[in-house]
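**Q**
Protein chains: 4
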Amino acid sequence: MGNSFGRIFRISTFGESHGLGLGVVIDGCPAGLDIDEELIRTEMQRRKPGQSKITTQRKEEDEFRILSGVFEGKSTGTPIGMVIMNTDQKSKDYSHISDKFRPSHADYTYFEKYGVRDYRGGGRSSARETAARVAAGAIAKMMLKHFGISVQAYVSQVGDMKLEKSYHELDLGQTDDNIVRCPDAGMAEKMIGFIDEVRKSRDTVGGVVSCVAKGVPPGLGEPVFDRLHAELGKAMLSINAVKGFEYGSGFEGVKMRGSAHNDAFYKEGDKVKTKTNHSGGIQGGISNGEDIYFNVAFKPVATIMQDQESVNESGEIVTVSGKGRHDPCVVPRAVAIVEAMAALVLADYLLISRTNKL
Amino acid sequence: MGNSFGRIFRISTFGESHGLGLGVVIDGCPAGLDIDEELIRTEMQRRKPGQSKITTQRKEEDEFRILSGVFEGKSTGTPIGMVIMNTDQKSKDYSHISDKFRPSHADYTYFEKYGVRDYRGGGRSSARETAARVAAGAIAKMMLKHFGISVQAYVSQVGDMKLEKSYHELDLGQTDDNIVRCPDAGMAEKMIGFIDEVRKSRDTVGGVVSCVAKGVPPGLGEPVFDRLHAELGKAMLSINAVKGFEYGSGFEGVKMRGSAHNDAFYKEGDKVKTKTNHSGGIQGGISNGEDIYFNVAFKPVATIMQDQESVNESGEIVTVSGKGRHDPCVVPRAVAIVEAMAALVLADYLLISRTNKL
Amino acid sequence: MGNSFGRIFRISTFGESHGLGLGVVIDGCPAGLDIDEELIRTEMQRRKPGQSKITTQRKEEDEFRILSGVFEGKSTGTPIGMVIMNTDQKSKDYSHISDKFRPSHADYTYFEKYGVRDYRGGGRSSARETAARVAAGAIAKMMLKHFGISVQAYVSQVGDMKLEKSYHELDLGQTDDNIVRCPDAGMAEKMIGFIDEVRKSRDTVGGVVSCVAKGVPPGLGEPVFDRLHAELGKAMLSINAVKGFEYGSGFEGVKMRGSAHNDAFYKEGDKVKTKTNHSGGIQGGISNGEDIYFNVAFKPVATIMQDQESVNESGEIVTVSGKGRHDPCVVPRAVAIVEAMAALVLADYLLISRTNKL
Amino acid sequence: MGNSFGRIFRISTFGESHGLGLGVVIDGCPAGLDIDEELIRTEMQRRKPGQSKITTQRKEEDEFRILSGVFEGKSTGTPIGMVIMNTDQKSKDYSHISDKFRPSHADYTYFEKYGVRDYRGGGRSSARETAARVAAGAIAKMMLKHFGISVQAYVSQVGDMKLEKSYHELDLGQTDDNIVRCPDAGMAEKMIGFIDEVRKSRDTVGGVVSCVAKGVPPGLGEPVFDRLHAELGKAMLSINAVKGFEYGSGFEGVKMRGSAHNDAFYKEGDKVKTKTNHSGGIQGGISNGEDIYFNVAFKPVATIMQDQESVNESGEIVTVSGKGRHDPCVVPRAVAIVEAMAALVLADYLLISRTNKL
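Protein chains in written order, with UniProt numbering: chain A, 1 to 358; chain B, 1 to 358; chain C, 1 to 358; chain D, 1 to 358.
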């Protein structure tokens with residue numbers, strides 16, 4: 001259970017870090033969508049390990065194949081099945097931790113839950129699974145683009161280096177111009193230097209990814225439990241290493257007075273608009289046509305290049321050594337994953353909204 | 001869509017603020033649970049309006065009736081249907097806003113989504129709906145109690161008044177000793193004074209509710225999309241006025257280094273424990289047996305006792321006047337709702353976890 | 001689990017035969033539908049016990065109340081909650097069977113499944129639950145009518161008295177002209193006499209309800225698992241006492257050759273039509289615009305006015321005596337239930353079909 | 001939508017007849033199950049085309065690969081992804097029907113529903129999809145076997161040749177001893193001769209597959225909508241070419257009197273048993289511990305080796321010629337599919353039943 005996401009535009013992923021392969025099935029993608037495989041490739045490239053000096057140097061082959069659901073370049077309405085083979089799934093590097101519980105990893109909890117576990121590279125709990133999400137998210141993005149909706153994420157914080165500018169003051173088109181994916185060149189440089197320092201100290205650090213969706217029409221989102229921001233929140237919290245989610249005014253908003261926080265309505269031509277947007281584009285769980293924006297907090301990566309004391313399956317005290325090549329900070333690569341998950345939620349809710357009125 | 005929550009222990013709510021009544025159906029409550037109606041009443045009392053000078057003075061009758069699913073004091077495994085009649089649903093107080101969009105309410109978005117709307121008291125978007133959740137949550141709490149699990153929430157922040165103590169340093173048994181539901185008597189007094197001031201200035205203010213679940217066994221939570229904290233996050237974000245969710249180290253954790261953030265495992269008797277708990281009791285989306293704790297941010301209530309400019313359904317500029325009796329700050333009453341939603345998630349995941357192993 | 005039905009237009013029922021009340025929540029009814037309470041009443045009247053000499057003489061009050069989801073006569077898109085109170089739920093008549101397993105009832109299986117059970121009148125397993133379905137189905141029918149779709153069921157067989165005419169040769173408008181609900185007056189008379197005879201012999205007999213849906217546009221139904229006829233089949237098999245379902249050529253069709261069974265396409269004006277309709281209006285699980293028709297087999301009612309040997313919860317041999325007032329044959333009242341379930345499936349699939357194309 | 005089946009033990013299939021490949025993802029298989037790949041192979045062999053003179057002579061490679069969810073021979077609780085590549089997916093054979101609607105196929109309905117379609121070999125509507133079901137069903141069977149449950153199907157009717165013996169009088173172990181899969185050697189010979197004759201006349205014929213599940217414990221099945229037989233019915237009706245489903249006494253049972261139809265309870269040692277089994281092992285939608293048995297009606301295959309008149313996408317009258325190699329009767333191969341779907345339902349309900357009691 002728990003490996004599917006969405007109601008109408010629904011994905012199911014499968015695959016472990018070091019198994020034969022992983023993949024995703026998209027059920028509910030509407031028929032007639034032009035499928036651009038190059039765009040899927042681009043998005044996967046943004047998530048891929050080994051893309052810069054501040055990400056893990058590990059190599060992963062992320063070559064995907066679409067097995068079904070696309071015919072003559074168009075979606076057919078039937079499930080789109082995609083697989084990504086693990087070309088190099090040798091498990092020798094993991095024998096030293098096969099029965100150890102790595103601190104702040106899922107080793108112990110999987111062991112408690114299932115009794116058995118694929119210890120190679122974290123098995124199913126590895127962030128390798130997000131490759132499948134990014135592939136599916138790329139298709140959701142194609143659908144959103146068709147309806148004039150864009151989703152753009154960027155790094156707004158690394159450690160305590162926080163970009164104080166709001167997204168209005170940034171050119172999000174510059175996000176991919178640097179390896180940390182912060183659209184402010186000055187701050188980006190500092191962040192990169194900082195991450196590199198952390199890496200050299202064989203440690204890791206956390207960060208924040210911010211995301212903006214533009215062009216979302218009013219009326220998306222379901223009342224009560226499936227509020228648009230609740231589903232976005234769940235989508236983000238389902239990404240590896242995420243510890244928090246806030247939208248619109250977020251945690252800072254609690255300090256405001258209602259008189260200052262309320263977003264006054266006004267008319268601009270035919271359109272109802274709001275003067276401010278503390279609501280983050282969502283009121284009562286339903287989009288109001290303004291920009292949707294939110295922040296996602298990522299903890300420092302649990303795998304560090306240092307020895308740590310722990311216990312193993314037999315309850316013995318053991319040392320977990322930091323080996324292999326891992327990310328000193330996950331946010332530069334997480335940008336693509338945040339966008340993918342946001343796109344999946346919006347595509348799903350767009351389809352659901354077609355059933356609201358008679 | 002969107003009015004149900006949970007997979008096995010699943011609730012569906014219905015009802016508007018000023019309709020004939022509201023209610024909830026619980027499908028999947030296991031048979032054989034002792035149902036204590038008094039406990040449901042107690043929980044609903046904690047959420048009820050009019051309970052103190054810092055909550056709305058509006059009176060609501062929250063007298064519920066269990067129509068089904070309970071026989072001779074025990075759950076039978078069949079759906080538990082509960083209704084709460086709205087004894088006084090006259091709509092005269094709302095005629096002045098029948099076609100107006102109140103700022104930062106759901107009036108405009110419901111209108112865009114559905115074309116028609118029940119404008120009386122916000123209709124379905126009213127927090128009145130949470131009465132049904134609290135009733136259902138009380139039953140989830142009974143089930144959790146049977147398995148030794150407790151869920152306790154409290155107010156940790158009002159405006160910028162923030163309780164700096166962690167839950168370890170507090171006696172959560174004192175939460176209900178004061179009307180703001182902050183277990184630190186000194187801070188509680190300050191918060192109460194502050195809310196009363198805000199109320200007198202005809203304004204509102206936000207706050208934070210913190211929550212702790214103790215006794216949760218390891219192994220609860222599903223990998224990938226339905227991570228335990230992702231579902232808790234969704235549950236919290238589905239509560240009216242919530243703008244953010246964080247668990248464990250949360251947004252502050254992003255500033256830490258991995259070496260400090262990682263929770264080292266050790267053995268205590270038979271049990272695997274962690275020395276710190278930045279993970280908030282959840283690793284890889286699955287409970288590890290430590291306390292689960294999280295924070296929920298509530299925005300300032302949108303209804304203020306002041307005139308505000310807005311537009312109406314015809315697009316004309318109108319004035320929305322603050323009338324009626326509303327909460328200056330929602331967190332004291334939200335404590336019961338946060339507990340209810342957390343209990344519903346845990347009850348559901350407890351049942352799901354029975355299917356993990358052969 | 002198992003008390004909800006549908007994906008978009010989704011119902012959840014609750015309630016036992018002799019509890020305080022029962023009800024249904026409809027989530028996903030589109031906004032803007034005119035709700036005709038009189039039509040709900042009419043449909044419930046058709047299902048109601050005590051309506052003629054060949055149904056049970058038991059009296060049930062089926063007075064429903066709509067608690068939510070309807071405002072100023074129109075659906076609002078929020079959940080429609082309806083309750084039907086059991087005005088006379090005294091349980092004294094059931095004390096004699098409180099620990100006995102009535103043959104071919106659900107007493108034993110509920111006991112095995114849940115450990116506890118509400119033995120009064122069969123509790124949740126009673127066909128009283130179908131009153132809630134009929135109320136919900138009436139609203140589905142209103143929606144279908146808006147789109148030009150009708151659903152009509154009738155009794156085509158009682159015991160071995162089988163109407164050999166196909167629905168083409170009958171005037172379905174005459175179905176309710178007689179108490180057995182067979183649109184052929186001559187056959188109806190025979191059936192009524194036969195049921196009356198069976199009743200006098202303190203026994204029961206089975207029957208078949210046939211159903212036709214007209215005006216269903218092509219394109220309804222989902223491929224693979226959720227084929228339109230698979231969902232219709234499940235809907236019918238979920239009705240108390242149903243033992244079989246067939247659509248189009250059904251079980252007889254297995255004897256035919258493909259060359260005779262295939263429905264040849266031709267053009268009638270702008271429309272693609274088929275010359276025959278052995279497909280029953282559904283090909284590959286998707287409606288093709290022709291009439292949808294199917295048969296539903298009901299077993300003889302298990303409650304008979306005779307003594308039967310059985311065992312009780314302690315495993316002792318006991319005698320179950322036939323008491324109370326029960327239906328000698330269930331099909332006359334089942335007509336309304338079959339229509340309700342068919343309408344619910346079609347309303348749901350109509351909404352789903354809006355998401356098929358870009 | 002519609003490409004997933006089950007709640008806890010849940011499968012999602014993907015793939016078209018002539019795409020790159022097809023597959024299935026099983027989410028919810030409990031951890032710790034021994035996975036026997038040979039058994040999957042055996043089951044797929046039973047469904048495979050080209051296995052005898054009375055099935056299609058078409059060759060399909062059904063070589064599957066398990067990509068995930070199995071580690072060191074055991075299920076890990078994570079999704080089991082399996083793919084079957086279409087080694088020879090050239091579409092040349094289908095150009096002659098690319099815009100034609102084959103009679104009683106899904107060509108027209110897919111075209112109406114989606115606007116675009118993969119016309120090669122019926123695309124997604126092809127029975128090729130059932131290969132993925134059989135692979136998943138084999139794993140469900142392994143789980144059932146662990147709990148002492150068996151599922152056995154066999155051919156009981158071809159055209160009007162009907163096996164009058166009940167399953168009690170047959171040795172189901174002999175089902176695979178002949179190519180038609182009827183466990184009565186004499187009848188099998190006649191059926192084979194008959195199918196061969198039909199094939200030579202370039203026509204097709206229907207048939208019935210019967211199925212028996214033994215060892216099912218009492219208590220499986222959910223009340224109301226998800227009755228065990230309702231889900232079994234849906235599962236069977238979701239198989240290509242199925243037109244009807246009946247269980248226990250089925251359509252014949254309607255002719256019986258309640259006094260004869262009721263299954264009297266008695267005690268056998270510790271066990272509650274029934275003297276007859278007209279209930280087909282299911283009462284009130286829940287298993288009672290007796291054998292579960294049901295019949296599934298298959299129509300004659302729509303593809304015949306004859307010219308047929310039809311229309312094309314432009315509405316022109318066209319001739320559809322019978323080409324290629326197709327089954328004269330589908331039931332011999334359908335035996336494996338019926339077993340697979342039955343196993344999937346039982347595995348799912350077995351897991352659900354763990355959540356019934358406190």
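Ideal Cβ placement from N, Cα and C applies to all residues, glycine included.
In angstroms, rounded to a whole number, what distance separates the CA positions of Y94 of chain C and P300 of chain C?
**A** Each residue's Cα considered, the two are about 22 Å apart.
**Q** Buried or exposed: which applies to residue 446 of chain D, given that a residue is buried once 16 or more other Cβ atoms fall within 10 Å of its Cβ?
**A** The displayed coordinates of chain D run from 1 to 358. Any statement about residue 446 of chain D would go beyond what the structure contains.
**Q** Tell me the DSSP secondary structure of Y119 of chain A in three-state form.
**A** Coil, per DSSP.
**Q** For N295 of chain B, list the residues DSSP reports as bridge partners.
**A** Per DSSP, B:S210 and B:E246.
**Q** Could you spell out the range, first to last residue, of the beta strand (DSSP E) harbouring Y154 of chain A?
**A** That run of the beta strand (DSSP E) goes S150 to V158.
**Q** Does the segment 269-277 of chain C come into contact with the segment 222-229 of chain D, if we say contact requires no fewer than three beta-carbon pairs (one atom in each stretch) closer than 8 Å?
**A** At 8 Å Cβ cutoff, the stretches do not touch.
**Q** Does the beta carbon of D27 of chain A sit closer than 8 Å to a beta carbon anywhere in chain D?
**A** Yes, because at least one Cβ of chain D sits closer than 8 Å to the Cβ of D27 of chain A.
**Q** Listing by chain order, which chain D residues have their CB less than 9 Å from the CB of P30 of chain B?
**A** In chain order: T355, N356, K357 and L358.
**Q** Residues of the segment 217-232 of chain C with a CB closer than 9 Å to any CB of chain F: list them in chain order, please.
**A** Here the protein chains are A, B, C and D, and chain F is not one of them.
**Q** Which residues in chain D have a C-beta closer than 9 Å to the C-beta of G77 of chain B? List them in chain order.
**A** Residues of chain D passing the Cβ test: P223, N356 and K357.
**Q** Report the neighbours of L351 of chain B on chain D: residues whose CB is nearer than 9 Å to its CB, in chain order.
**A** Residues of chain D passing the Cβ test: R354 and T355.
**Q** Are the CB atoms of Q283 of chain C and A106 of chain D nearer to each other than 8 Å?
**A** Yes.
**Q** Measuring alpha carbon to alpha carbon, tell me which of A:D348, A:A342, A:Y349 and A:G324 ends up nearest P49 of chain A.
**A** For the residues A:D348, A:A342, A:Y349 and A:G324, the minimum Cα distance to P49 of chain A belongs to A:G324.
**Q** What first and last residue would you give for the alpha helix (DSSP H) that runs through L20 of chain A?
**A** Unbroken run through L20 of chain A: none, as it is neither H nor E.
**Q** Is the segment 65-82 of chain A in contact with the segment 58-75 of chain D, if contact means three or more CB pairs nearer than 8 Å?
**A** They do not touch, by the three-pair rule.
**Q** With 8 Å as the threshold, decide whether the Cβ of E309 of chain C is near any Cβ in chain D.
**A** Yes, E309 of chain C lies at the interface with chain D (some Cβ there is under 8 Å from its Cβ).
**Q** If you measure between the beta carbons of F64 of chain B and I84 of chain B, is that distance less than 8 Å?
**A** In contact: F64 of chain B and I84 of chain B (Cβ atoms closer than 8 Å).
**Q** Out of C:G159, C:V151 and C:E164, point me to the one whose CA is closest to L172 of chain C's CA.
**A** Ranking C:G159, C:V151 and C:E164 by Cα distance to L172 of chain C puts C:V151 first.
**Q** Any beta-carbon of chain A closer than 8 Å to the one on I8 of chain C?
**A** So yes, I8 of chain C belongs to the interface.
**Q** Specify whether the segment 32-40 of chain A and the segment 163-177 of chain A touch according to this definition: at least 3 beta carbon pairs, one from each stretch, less than 8 Å apart.
**A** The segment 32-40 of chain A vs the segment 163-177 of chain A: no contact.
**Q** Could you pull out every residue in the same chain whose Cβ sits closer than 6 Å to the Cβ of Y247 of chain D, ignoring the five residues on either side in sequence?
**A** Closer than 6 Å at the Cβ level, and outside the excluded window around Y247 of chain D, lie H229, G280 and F294.
**Q** In chain D, which residues lie with their C-beta within 8 Å of the C-beta of M1 of chain A?
**A** Residues of chain D passing the Cβ test: I8, R10, D27 and G28.
**Q** For residue 383 of chain B, go through chain A and note every residue whose CB falls closer than 7 Å to its CB, in chain order.
**A** Nothing can be reported for residue 383 of chain B: it is not among the residues displayed for chain B, which extend from 1 to 358.
**Q** Chain A partners of H146 of chain C, CB-CB under 7 Å?
**A** Near H146 of chain C (Cβ distances below 7 Å), the residues of chain A are L358.
**Q** Which residue comes first and which comes last in the alpha helix (DSSP H) that contains Y114 of chain C?
**A** Unbroken alpha helix (DSSP H) run through Y114 of chain C: D107 to Y114.
**Q** In chain D, what lies closer than 8 Å to H18 of chain C by C-beta?
**A** Going along chain D, no residue has its Cβ under 8 Å from H18 of chain C, so there is no contact; the nearest lies around 16 Å.
**Q** Counting contacts by CB-CB distance shorter than 8 Å, is Q306 of chain D in contact with chain C?
**A** With 8 Å as the cut-off, Q306 of chain D counts as an interface residue toward chain C.
**Q** Are there 16 or more other CB atoms within 10 angstroms of the CB of D263 of chain B, so buried, or fewer, so exposed?
**A** Looking at its Cβ environment, which holds 16 or more other Cβ atoms inside 10 Å, D263 of chain B is buried.
**Q** Going straight from the alpha carbon of R202 of chain A to that of V254 of chain A, what length do you get?
**A** When rounded, the distance between both Cα atoms is 37 Å.
**Q** Apply the 10 Å Cβ neighbour rule to H261 of chain A and answer buried if 16 or more other Cβ atoms are within range, or exposed otherwise.
**A** H261 of chain A is buried by the Cβ-count criterion.
**Q** Compute the beta-carbon to beta-carbon distance between K243 of chain B and G221 of chain A, rounded to the nearest angstrom, for a pair I have assumed lies under 8 Å.
**A** The Cβ separation is near 15 Å, so there is no contact.
**Q** Using 8 Å as the Cβ pair cut-off and three pairs as the minimum, do the segment 332-340 of chain A and the segment 313-322 of chain A touch?
**A** Flag = no, the segment 332-340 of chain A and the segment 313-322 of chain A do not touch.
**Q** Which residue from C:K74, C:N356 and C:L344 puts its Cα closest to that of L144 of chain C?
**A** If we check each option's Cα against that of L144 of chain C, C:L344 comes out closest.
**Q** Comparing C-alpha positions only, which one of A:V116, A:R7, A:K190 and A:A347 sits nearest to G216 of chain A?
**A** Looking at the sequence itself, residue 216 of chain A is Val, so the reference to Gly does not match. Comparing Cα-Cα distances from V216 of chain A to each of A:V116, A:R7, A:K190 and A:A347, the minimum goes to A:A347.
**Q** Mapping DSSP to helix, strand and coil, what is F147 of chain D?
**A** In the structure shown, F147 of chain D sits in coil (DSSP, three-state: anything other than H, G, I, E or B).
**Q** Let me know the secondary structure DSSP gives residue 359 of chain A once reduced to three states.
**A** With chain A running from 1 to 358 in the structure shown, residue 359 of chain A is simply not present.
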